[in-house]
Every structure is written in C-alpha cells, then in structure tokens.
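For the numbering used here, add 232 to where a residue sits in the sequence shown, where the first one is 1.
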Amino acid sequence: MVGAGKGAESGILIKGGENLEEAHKVDTIVFDKTGTLTKGEPSVTDVVSVNGESAKSILHFAGSAELGSEHPLAQAVVREAKKLRSELSSPSNFEAIPGFGVRADVDGRRVLLGNADLMRNFSVPVERISEQLERLQSVGKTAVFLAVDGEPWAILGLADTLKETSTTAIRSLKSMGLNVIMLTGDNERTAKAIASSLNLDQIISNVRPDEKEKVIEKLQAEGKRVAMVGDGINDAPALAKADVGIAIGSGTDVAKETGGIILIKDDLRDVATALQLSKATVRKIKQNLLWAFLYNVALIPIAAGILVPLLGPGIYNVLPLLAGAAMAFSSVTVVSNSLLLRRFTPKI
233 MVGAGKGAES
243 GILIKGGENL
253 EEAHKVDTIV
263 FDKTGTLTKG
273 EPSVTDVVSV
283 NGESAKSILH
293 FAGSAELGSE
303 HPLAQAVVRE
313 AKKLRSELSS
323 PSNFEAIPGF
333 GVRADVDGRR
343 VLLGNADLMR
353 NFSVPVERIS
363 EQLERLQSVG
373 KTAVFLAVDG
383 EPWAILGLAD
393 TLKETSTTAI
403 RSLKSMGLNV
413 IMLTGDNERT
423 AKAIASSLNL
433 DQIISNVRPD
443 EKEKVIEKLQ
453 AEGKRVAMVG
463 DGINDAPALA
473 KADVGIAIGS
483 GTDVAKETGG
493 IILIKDDLRD
503 VATALQLSKA
513 TVRKIKQNLL
523 WAFLYNVALI
533 PIAAGILVPL
543 LGPGIYNVLP
553 LLAGAAMAFS
563 SVTVVSNSLL
573 LRRFTPKI
C-alpha cells in the first residue's frame, strides 16, 4: 500500500500490488513510437510531385481521401490541405487498410494513399521515385505515396516531434541495465534515423498494428520479462500481453483500461520511476519477511522453555509479557520499515 501510495504521489497509478511486484522482474522495455516517444502530432513537411501536379492538387486528392480516417498521419494531411485552402471532396468507397494506408474514390477517380507495400499490392510503379523516398527516410520522416488512377502522383513527407522527456527516459532505463526497444510501423531506414536521435540501438520496424502483440509474444518466448509502453487503441492487445502494461495518461481509454500501470503526467521518465519504485517495494517486502523470520527463530525456542534451566520456572510468569512485547516490537519494526518508502526518490 505504501508503494502504491508513493506512486500515486508521483503521478503513477498502479492497479493492484501484482503489477508493482511484477515490474521489478522486467528486463526489457518496448516503446511504441507514435504518441509515446513522439507527441503524436505529425505534420506534412514535404510534398514531392513526381508527375508535375501542383501541391494544391496533390493535397486535394490526398486530403479528400483521408477525410474518413482518424489516423494521426491522415489528420496531418487533411490539415495541410486545408492550409492551402483546398476544397476537399467527400470520398466514396473509403477503405482503411491497417498497416498500409487507405483507398477511396475522389471526384470520380481512384485514389491510393499509403506506404510502398500498398502501392505494390495495387501494381503502382514506385521504383522510379526511390531516390526521393530514400531522401525523406534518411532524415527520419515518414513517406506516404499518393497514386491516382493507378499512377504515382507524389510522395508526402511527414515528421513527428519527439517528446521532451523521451531521450532522458531512455538514458535512465539503459543505465538500469534494461533492454530498450522502439516498436514502429515505419520502415527500417526511417526507424534508424529516429532511433539515432534517441541514442537507441534496438528497433523493430515495419510492424503493422495487428502484429504488435506477436512481437511481445516473441520476446517472451525468448525468456524476456517485457514491459510495453503505449498510448493507442492499437497498443491495447500488446499492453495486455506484456508482463507489465504501461499506458500513457493522455492516451486512449482502451489503452488506459488495459495497462496495469498508468503514467498520469505523460512523462516518460516515470517509466524508470515506476520500475525503481517496484524494486524498492519488493526490497522492503523481503526485509520485512526477514525480520519476521528472525523474530520467530529467536523467540520460538524461548517460548518452548529454553531459558528455564537458566532462569528457573518463574520465567513462565514473564513469558506472556515478553511475547506481547515482542509481537508489538515486530509489528512496529515492519510498519516503520515499510513507511521508509515514503522517502523514496527516483534516480533519473
């Protein structure tokens, strides 16, 4: 109770003692990228035409196709289109393809907007624009292809801003000897560029939303004790599967309901705080068990009469008083030792 209370004071909501105890066993931390390590507010930074179309025309079709999507990247495209005062059209036959992109009919034309795999699945030739693609990916930007009626029109470059606490949080976790992994749907080149800015060398890229849970399962099958940190609906299965699910307080209700630990302040440094608090709590539990064991080892022989040969039968008149005093002293010792957790200070 003291450990959970101390967590609440620090803006860390811990659901049940089992999550607090389980957290001290964790050796691997998996961070979802978008909305967890980043602010989840991407913006369009590049509009690269590959067929001579204007940026306004490109964003008209891209923004119109994305009107039916709630994905952060889709909303960024719509915002950029509106900035250019493009008159967006309501799409028809809209279909979101998780992990790939969207397709829809806009102004009677078939529009595809998504990653390179989506383009290949619909036989859109994108190989001739690989140079522009690599340029965007090399600086950590997410590249989104636009194709209209089966022909490539443009590549949109989108960038998200890292949270101010991401780098510090990862440094703290690595200093604790933990394996820290970034999980992302971005391609490997983009993921490496972002990981480099975080001083992070372990990434798992090209992961579709429905594959996150399988990634956690694979790590657990390798013998790792995994904590998953995420914020979105797509993270919920992985949060539930992980040994410890850590949800961001600013995330979706589904993620928060699934997570065993919730970071109320949306401060990633609290991940390290939660794990350190868990270790401190378990350490106190072990100390208290040791105290109880030592009391029993010392006093059970006395209760059995080991002092009678030395002090005589009269000791039996004193034993009840000694037993009561010992019990009280034992309880005071355990409670006092537990209350020392109130002085816990994380090393960040």
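For glycine and all other residues, C-beta sits at the position ideal for the given N, C-alpha and C.
All values derive from a computational prediction rather than experimental measurement.
* Would you mind giving the Cβ-Cβ distance between Thr397 and Leu500, rounded to the nearest angstrom? I have them listed as a contact below 8 Å. => Here residue 397 refers to the residue found at position 165 of the sequence shown. Here residue 500 refers to the residue found at position 268 of the sequence shown. At roughly 5 Å, the Cβ-Cβ gap stays under 8 Å, so Thr397 and Leu500 are in contact.
* Buried or exposed (CB count within 10 angstroms, at least 16 for buried), Met559 -> Here residue 559 refers to the residue found at position 327 of the sequence shown. Exposed: under 16 other Cβ atoms inside 10 Å.
* **Whole-Å CB distance - Ala255 paired with Ile493, under 8 Å assumed** => As a working note, residue 255 is residue 23 in the sequence shown. As a working note, residue 493 is residue 261 in the sequence shown. Contact flag correct, Cβ pair sits at about 7 Å.
* Since I believe Leu245 is in contact with Ile496 (beta carbons under 8 Å), could you give me their beta-carbon distance rounded to a whole number of angstroms? => The sequence position of residue 496 within the sequence shown is 264, counting from 1. The sequence position of residue 245 within the sequence shown is 13, counting from 1. With a Cβ gap of about 6 Å, Ile496 and Leu245 count as contacting.
* Would you say the segment 276 to 296 touches the segment 433 to 448, given that touching needs at least three Cβ pairs under 8 Å? -> no
* Looking only at DSSP bridge pairs, what is Glu383 linked to? -> As a working mapping, residue 383 is identified with position 151 in the sequence shown. Paired residue(s): Val380.
* To do: Check Phe525 in the structure and name its three-state DSSP category.
  => Along the sequence shown, one-based indexing puts residue 525 at 293. DSSP places Phe525 in helix when its eight states are reduced to three.
* Apart from the five residues on each side of it in sequence, which residues of its chain come closer than 7 Å, Cβ to Cβ, to Asn419? -> Numbered from its first residue, the sequence shown carries residue 419 at position 187. Taken in chain order, the residues that qualify are Gln369, Ser437 and Asn438.
* Fully enclosed by the segment 287 to 368, which beta strand (DSSP E) runs are 3 residues long or longer? -> Fully contained in the segment 287 to 368 are the following beta strand (DSSP E) runs of length 3 or more, in chain order: 324 to 329, 333 to 338 and 341 to 346.
* Asked: Can you list, in chain order, the residues of its chain whose CB lies under 8 Å from that of Gly295, leaving out five sequence neighbours each side?
  -> Residue 295 sits at position 63 when you count from the first residue of the sequence shown. Around Gly295: Val309, Val310, Glu312, Ala313, Lys314, Ser318 and Leu320.
* Please state if the CB of Phe326 and the CB of Leu346 are separated by a distance shorter than 7 Å. => In the sequence shown, counting from the first residue as 1, residue 346 sits at position 114. In the sequence shown, counting from the first residue as 1, residue 326 sits at position 94. Looking at the sequence shown, residue 346 is not Leu but Gly. No Cβ-Cβ contact shorter than 7 Å links Gly346 with Phe326.
* **Asn411: first and last residue of the uninterrupted beta strand (DSSP E) it sits in** => Walking along the sequence shown from the start, residue 411 turns up at place 179. It spans Asn411 to Leu415 - the beta strand (DSSP E) in which Asn411 sits, taken as one unbroken run.
* Which parts of the segment 412 to 487 are runs of the alpha helix (DSSP H), unbroken and 4 residues or longer, counting only runs that do not cross its ends? -> Restricting attention to alpha helix (DSSP H) runs no shorter than 4 residues, the segment 412 to 487 encloses them at 420 to 429, 444 to 453 and 468 to 473, ordered along the chain.
* Backbone CA spacing between Pro323 and Gly248 [nearest angstrom] -> As a working note, residue 323 is residue 91 in the sequence shown. As a working note, residue 248 is residue 16 in the sequence shown. Each residue's Cα considered, the two are about 46 Å apart.
* Asked: Sorted by chain position, which residues of the same chain lie with C-beta nearer than 8 Å to Ser281's C-beta, five sequence neighbours on each side aside?
  -> Stepping through the sequence shown from its first residue, residue 281 is reached at position 49. Result list for Ser281: Ala287, Ile290, Trp385 and Ala386, in chain order.
* Between Ala375 and Thr416, what straight-line distance do the alpha-carbon atoms span, to the nearest angstrom? -> The residue given as residue 375 occupies position 143 in the sequence shown. The residue given as residue 416 occupies position 184 in the sequence shown. Between Ala375 and Thr416, the C-alpha separation is close to 14 Å.
* Asked: In whole angstroms, what separates the C-alpha of Thr399 from that of Leu430?
  -> Locating residue 399 in the sequence shown gives position 167, counting from the first residue. Locating residue 430 in the sequence shown gives position 198, counting from the first residue. Distance between the alpha carbons of Thr399 and Leu430: 5 Å.
* **C-alpha gap between Leu471 and Ile465, whole angstroms** => Stepping through the sequence shown from its first residue, residue 471 is reached at position 239. Stepping through the sequence shown from its first residue, residue 465 is reached at position 233. Cα-Cα distance, rounded: 10 Å.
* **Best match in Ala453, Ala474 and Leu451 for proximity to Gly462 [C-alpha to C-alpha]** => Within the sequence shown, residue 462 is the residue found at index 230, counting from 1. Selected option, being the one with the closest Cα: Ala474.
* **Euclidean distance between Cα positions of Arg342 and Glu383** => The residue you call residue 342 lines up with position 110 of the sequence shown. The residue you call residue 383 lines up with position 151 of the sequence shown. Between Arg342 and Glu383, the C-alpha separation is close to 10 Å.
* For Ser404, does the count of other Cβ atoms within 10 angstroms reach 16, so buried, or fall short, so exposed? -> The residue given as residue 404 occupies position 172 in the sequence shown. The residue in question, Ser404, is buried, as its Cβ has 16 or more Cβ neighbours within 10 Å.
* Asked: Is Thr268 helix, strand or coil when you go by DSSP?
  -> The residue labelled residue 268 in the question sits at position 36 within the sequence shown. Residue state, collapsed to three classes: helix.
* Asked: With 16 as the cutoff for other CB atoms within 10 Å, does Ser407 come out buried or exposed?
  -> Along the sequence shown, read from residue 1 onward, the residue named residue 407 stands at position 175. Label assigned to Ser407: exposed.
* Which listed residue (Val262, Ser563 and Asp502) has its alpha carbon closest to that of Asn528 -> In the sequence shown, counting from the first residue as 1, residue 528 sits at position 296. The candidate whose alpha carbon is nearest that of Asn528 is Ser563.
* **Buried or exposed by the 16-neighbour rule on C-beta atoms within 10 Å, applied to Phe561** => Translated into the one-based positions of the sequence shown, residue 561 becomes position 329. Flag for Phe561 reads exposed.
* Enumerate in chain order the residues of its own chain whose CB-to-CB distance from Pro357 is below 7 Å, with the five nearest sequence positions on each side excluded. => Here residue 357 refers to the residue found at position 125 when the sequence shown is read from its first residue. Taken in chain order, the residues that qualify are Pro384.
* How long is the line joining the alpha carbons of Lys450 and Phe263, rounded to whole angstroms? -> In the sequence shown, counting from the first residue as 1, residue 450 sits at position 218. In the sequence shown, counting from the first residue as 1, residue 263 sits at position 31. Here the alpha carbons of Phe263 and Lys450 stand approximately 15 Å from one another.
* Considering Leu495, what are the terminal residues of the beta strand (DSSP E) in which it resides? -> Here the question's residue 495 lines up with position 263 in the sequence shown. From DSSP, the beta strand (DSSP E) with Leu495 extends over Ile493 to Leu495.
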